[in-house]
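Just so it is clear: in the sequence shown, position 155 is 154 by numbering that gives the first Met the number 0, and no numbers are missing.
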Amino acid sequence: MATEQSKKTGLNFLERLYFPEILRGLWITGWHFFRNLFVHTMHRFGLMKKREAAVTISYPEEARPVARGYRSRHRLLRRPDGSPKCVACMLCATICPAECIHIRAGESPNPEIEKFAVEFDIVLDRCVMCGFCEEACPVDAIRMDTGIIEMAAYDRKDFLDRRDFLLNQKPQSEGEEED
C-alpha cells in the first residue's frame with residue numbers, strides 16, 4: 000500500500016514577516032477585552048442582561064465552588080461513639096502509589112474491634128490525590144471530600160497531617176450525612 004506524501008507548503012511572504020500575525024493577535028485580544036469591558040459596564044447599569052460576558056473570579060476573595068466529587072484534602076471518619084472508624088488494616092497504605100500514608104496499629108480496648116490506628120499520618124507533599132486510599136478502605140474510614148484545595152505551606156513539616164487533625168476535618172457541605 001503506497002502512502003501519499005502531502006506537499007508541504009512553505010510560509011508566504013507576509014507570514015514570514017510575522018508582523019501581520021502579531022497585529023492579528025493584538026486585534027483578537029483587544030476585541031475580547033473591549034467587548035467584555037463594554038458588556039460588564041452595561042451590566043452595572045442594568046442593561047444588556049441577556050448578553051453573557053466573560054466571568055472573572057477574584058481568587059483570594061472569591062472562591063470558585065468545588066464540584067461534589069472533587070478529591071480534596073483527606074479526613075478520617077468517626078464511629079457514633081466518637082472513636083475513629085479506622086481499623087488499621089493497612090489497605091490504604093499498601094495501595095497508595097506515592098507511599099504517603101503511614102499507620103501504626105495498636106490493640107483496641109473495645110472487644111468488638113481488633114485493632115485501631117494509634118498513628119495515622121498523611122504526607123501531603125507526596126500525595127498525588129489519586130483517591131485509591133478512599134476506594135480501598137473496607138470500613139469507609141477515609142474520605143477526600145473536605146473541599147479544601149489550597150494546600151500551601153512555608154515549611155515541609157506543615158504538609159504532615161496527623162490523625163487528630165484528620166479526625167477534626169469537616170465535609171464539604173455541613174449538611175452532608177456521615178454513614
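Quick reminder that beta carbons are idealized off the backbone N, C-alpha and C, glycines included. No experiment lies behind these values; they were computed from the predicted model shown.
At which residues does the beta strand (DSSP E) containing residue i begin and terminate?
{"i": "V65", "result": "Note, V65: premise wrong, no beta strand (DSSP E); not H, not E."}
{"i": "I100", "result": "100-106"}
Whole angstroms is fine: what's the gap from residue i's alpha carbon to residue j's?
{"i": "I94", "j": "F131", "result": "7 angstroms"}
{"i": "A135", "j": "T55", "result": "39 angstroms"}
{"i": "V38", "j": "S57", "result": "18 angstroms"}
{"i": "H73", "j": "F44", "result": "44 angstroms"}
{"i": "R201", "j": "D160", "result": "A query on residue 201 cannot be resolved here, the shown segment of the chain reaching from 0 to 178 and no further."}
{"i": "F12", "j": "W30", "result": "26 angstroms"}
{"i": "A140", "j": "P59", "result": "32 angstroms"}
{"i": "M128", "j": "G68", "result": "13 angstroms"}
{"i": "G9", "j": "R50", "result": "42 angstroms"}
{"i": "N167", "j": "P19", "result": "59 angstroms"}
{"i": "C88", "j": "E98", "result": "15 angstroms"}
{"i": "F164", "j": "F158", "result": "12 angstroms"}
{"i": "Q171", "j": "M150", "result": "15 angstroms"}
{"i": "V117", "j": "V65", "result": "32 angstroms"}
{"i": "N35", "j": "M41", "result": "10 angstroms"}
{"i": "L75", "j": "K114", "result": "16 angstroms"}
{"i": "I121", "j": "R162", "result": "9 angstroms"}
{"i": "S82", "j": "A92", "result": "20 angstroms"}
{"i": "R78", "j": "I27", "result": "58 angstroms"}
{"i": "I102", "j": "P110", "result": "21 angstroms"}
{"i": "K169", "j": "C85", "result": "17 angstroms"}
{"i": "A152", "j": "L123", "result": "11 angstroms"}
{"i": "E133", "j": "A62", "result": "25 angstroms"}
{"i": "L25", "j": "M47", "result": "26 angstroms"}
{"i": "D178", "j": "D154", "result": "Note that D178 scores 49 on pLDDT, short of 50, meaning its location in the model is unreliable; the coordinates nonetheless yield the value given after this. Taking the straight line from one Cα to the other gives about 35 angstroms."}
{"i": "P96", "j": "Y17", "result": "47 angstroms"}
Who does residue i pair with in a DSSP beta bridge?
{"i": "I121", "result": "I100, D160"}
{"i": "F115", "result": "G105"}
{"i": "R155", "result": "Answer is none; R155 lacks a bridge partner."}
{"i": "I141", "result": "L75"}
The alpha helix (DSSP H) that contains residue i, what's its start and end?
{"i": "G24", "result": "18-43"}
{"i": "L90", "result": "90-94"}
{"i": "C132", "result": "131-135"}
Exposed or buried, residue i, counting other C-beta atoms within 10 Å across all chains shown (16 or more means buried)?
{"i": "D144", "result": "buried"}
{"i": "R15", "result": "exposed"}
{"i": "R125", "result": "exposed"}
{"i": "E142", "result": "The residue asked about is misnamed: residue 142 is Arg in this sequence, not Glu. By the 10 Å Cβ count, R142 comes out buried."}
{"i": "F32", "result": "exposed"}
{"i": "L90", "result": "buried"}
{"i": "I100", "result": "buried"}
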